[in-house]
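Enquirer: Below are the structure tokens for one structure; questions will follow.
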Amino acid sequence: MATVCPVASPHQEANPSRLKIGSVKTLAESSNLTSIPSHYAFTTSASGDQAVHSDHDYSIPVIDFSLFSSSNPDQRRKVVSDLAKACQDWGFFMVINHGVPESQMKAMGDMLTGFFDLTEEDKREFEGKHVLDGIRWGTSFNASVDKVFFWRDYLKVRVHPKFYCPSKPEDFSEVLAEYAGAVRKLAGGLLKGISESLGLEPGYIDEAMNMDSSLQILTANLYPPCPQPELAMGMPPHSDHGLLTILMQNGIGGLQVHHGGKWVKIDPIPNAFLVNTGDHLEIMSNGKYKSVLHRAVVNNKDTRISIVLSNGPSPDTVVTPAEQLVDGESNRAMYIGMKYKDFLELQQSSVLDGKSGLERVRI
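Each number in this note's numbering comes from the position in the sequence shown (counting from 1) with 1 added on.
Right, here's the structure in full:
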């Protein structure tokens, strides 16, 4: 797999975070922008890094969520089996018939577009200082340590167990609370199916991970048009913390998943959610279900917005492999325990680098 490497000019400062960096949106809207500044320039170190389109061999699984409540036991067994295969083979799947109203999804998208359209001065009211602050607006990933900046602005909001929300735009709080609650309900249903697919009781993950106090974080990503998309990176290869990440996007593609040794372009399905298994599901399943590398690329025509809700254990839950999935030396525990909030703080404070978060807890 290719490694993403920075390209620095001879006159560039060693740490571009010392540069006065505004939002990518403001930069992209500059009337005289014809090329990207050097501190946004990446290259790849290996050939064969181009992404392939989904086809018969690289078709992302689709899960019909409505079948989990089917009165037909054969249908329900099949969807649990399909979910197991999707988690084991891909770590990514589309969810249709999920029960979240299209109007609610559209309202959330419109509200976040409105947020990113605020003036830079207004958005700076919501700059966070710490990775676990309730609200954080910013650019790149971690501007204090990133060697090269990503072509991305973001808003991160903790919405559960304690609810935070920016005060602008008007009615943001109401829309976000309804949307986050609907997605949290969807995540709970999927986790019951995943528990069953691992041979555990349906409520195992819910109880073991203290999901009543689940740490749920909204991350909205804005990827404006880029004059040199072949040099810039929206987000480099990484895996996600937590149990399940549930993503909606504005119809503009850009997400690529590493599958079968290739980068596969994932085209959005209207009104569907894209779901992926996170680092803590890999830990809990003792490696049976992997958190999978994915990345975001940019284009020179359209603004892409992705709306992500990460659904993790409670902040104080120490996540370890399920005892039922560990059996002596032949299937020993592959990970040590760590509090979810400690893992999250370590990951979010570091340079984004593949699955480096999991390396801290791997035995």
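For glycine and all other residues, C-beta sits at the position ideal for the given N, C-alpha and C.
Small disclaimer: the values here were computed from a predicted structure and weren't measured.
#1: Measuring only from the beta carbon, is A87 closer than 6 Å to any heavy atom that is part of the ligand GDP?
#2: Relative to the alpha-carbon of T304, which residue among K79, P226, P102 has its alpha-carbon at the smallest distance?
#3: May I have the straight-line CA-CA distance separating T321 from E30, to the nearest angstrom?
#4: When we look at the beta-carbon of I306 and count the other beta-carbons within 10 Å, is it buried (16 or more) or exposed?
#5: With distances taken between CB atoms, is the gap from Y165 to G135 smaller than 7 Å?
#6: Counting C-beta neighbours from all protein chains within 10 Å, is the total for I267 16 or more, i.e. buried, or is it exposed?
#7: Taking the continuous beta strand (DSSP E) assigned at T220, which residues delimit it?
#8: Give me the residue from S286, L294, N312 with the minimum Cα distance to T337.
#9: Just to confirm, are L256 and A188 a CB contact at a threshold of 7 Å?
#10: Measure the alpha-carbon distance for K124 versus S141 and round it to whole angstroms.
#11: Is the distance from the Cβ of G261 to the Cβ of G313 below 7 Å?
#12: Quick test of your reading: P162 and S214, contact by CB under 8 Å. State the CB separation rounded to the nearest angstrom.
#13: Taking contact to mean at least 3 C-beta pairs separated by less than 8 Å, is the region 290-301 in contact with the region 226-235?
#14: From which residue to which residue does the beta strand (DSSP E) around R137 run?
#15: Going by DSSP, which residues form a beta bridge with A297?
#16: Suppose the cutoff is 8 Å on Cβ atoms and the five residues either side in sequence are ignored; what does the same chain contact list for K302 look like?
#17: Alpha carbon to alpha carbon, how far is Q326 from N332?
#18: Inspect the CB distances between the region 171-182 and the region 63-76 and report whether three or more fall short of 8 Å.
#19: Opposite W264 in the DSSP bridges: which residues?
#20: Between T27 and E121, is the Cβ-Cβ spacing less than 7 Å?
#21: So Y180 packs on A221, CB below 8 Å; how close in whole Å?
#22: In angstroms, rounded to a whole number, what distance separates the CA positions of G49 and Q229?
#23: Just to confirm before moving on: does the CB-CB distance between L248 and V309 stay below 7 Å?
#24: Would you say E197 lies against chain B (beta-carbon separation less than 7 Å)?
#25: Looking only at its chain, what residues have a beta carbon closer than 6 Å to the beta carbon of A108, apart from the 5 residues adjacent to it on each side?
#26: For L119, which of P271, K157, E208, K169 has the nearest alpha-carbon?
#27: Please report the straight-line C-alpha distance between L347 and H131, rounded to a whole angstrom.
#28: In this structure, what does DSSP give as the bridge partners for K1?
#29: Provide the residue span of the alpha helix (DSSP H) that contains Y180, from first to last.
#30: Given that a residue counts as buried once 16 or more other Cβ atoms are within 10 Å of its Cβ, and exposed if not, what is G279?
#31: As a quick exercise: from D83, A85, L84, L68, pick the residue whose alpha carbon is nearest that of R77.
#32: Can you list, in chain order, the residues of its chain whose CB lies under 8 Å from that of M112, leaving out five sequence neighbours each side?
#33: Classify F94 as helix, strand or coil using the three-state DSSP reduction.
#34: Within 10 angstroms of its Cβ, does S198 collect 16 or more other Cβ (buried), or is it exposed?
#35: Would you mind giving the Cβ-Cβ distance between L275 and F93, rounded to the nearest angstrom? I have them listed as a contact below 8 Å.
Expert: On the basis of the data shown:
#1: Ligands are entirely absent from the displayed structure, and the ligand GDP is therefore not among its contents.
#2: P226
#3: 46 Å
#4: buried
#5: yes
#6: buried
#7: 217-224
#8: Looking at the sequence provided, one finds Ile at residue 337 rather than Thr. The candidate whose alpha carbon is nearest that of I337 is S286.
#9: no
#10: 15 Å
#11: no
#12: 4 Å
#13: yes
#14: 136-140
#15: M236, L256
#16: P226
#17: Before going further, note that residue 326 is Leu rather than Gln in the sequence given. Roughly 8 Å separates the two Cα atoms.
#18: no
#19: H259
#20: yes
#21: With 8 Å as the limit, Y180 and A221 do not qualify as a contact, their Cβ atoms being about 11 Å apart.
#22: Confidence is the limiting factor: at G49 the pLDDT is only 47, short of 50, which leaves the residue's position unreliable and the question unanswerable from this model.
#23: yes
#24: Among the chains in the structure shown there is no chain B, since it carries only a single protein chain.
#25: V176
#26: K169
#27: 12 Å
#28: Coverage of the chain is limited to positions 2 through 364, which leaves residue 1 absent and any answer about it impossible.
#29: 173-198
#30: buried
#31: L68
#32: P170, D172, F173, V176, L177
#33: strand
#34: buried
#35: 7 Å
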